[in-house]
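In the UniProt record's numbering, the protein residues as written are 1 to 73. Note that CB positions come from ideal geometry on N, CA and C, so glycine has one too. First up is the structure itself, then whatever we jot down about it.
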Amino acid sequence: MSGVLDLASAVRNRRRELNLTQEELADLAQVAERTVRAIEAGKQTIQLDKAVQVLGAIGLEFAVQVHVPKALR
């Protein structure tokens with residue numbers, strides 16, 4: 001995932017594949033429903049630990065990818 005909007009799309013698409021409502025996903029992930037709504041809306045102020053909980057509840061994982069900026073090459 002390269003950004004917040006990619007995260008939003010991934011969560012929304014996976015939730016729909018699993019036929020879950022936002023409320024059901026929130027219950028599974030043990031987060032507030034507003035957290036799921038914020039993630040799916042692409043809000044940039046979500047807490048990382050909450051996002052990881054949501055991802056884990058639907059079988060997705062957060063991964064960090066190394067990218068060397070041009071200025072450091």
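Could you check if residue i is buried or exposed, using at least 16 other CB atoms within 10 Å of its CB as the buried criterion?
i	result
T21	exposed
T45	exposed
Helix or strand or just coil, what does DSSP make of residue i?
i	result
I46	coil
T21	coil
R15	helix
V66	coil
Between the options, which has its C-alpha nearest residue i's C-alpha?
i	options	result
A57	G3, A10, L5	A10
Q30	V66, P69, V54	V54
G3	L72, E40, E17, T35	E40
R37	L7, F62, E17, V66	L7
For residue i, collect the residues of the same chain with a Cβ closer than 6 Å to its Cβ; drop the 5 residues on either side in sequence, then sort them by chain order.
i	result
E33	Q22, E23, A26
F62	V52, L55
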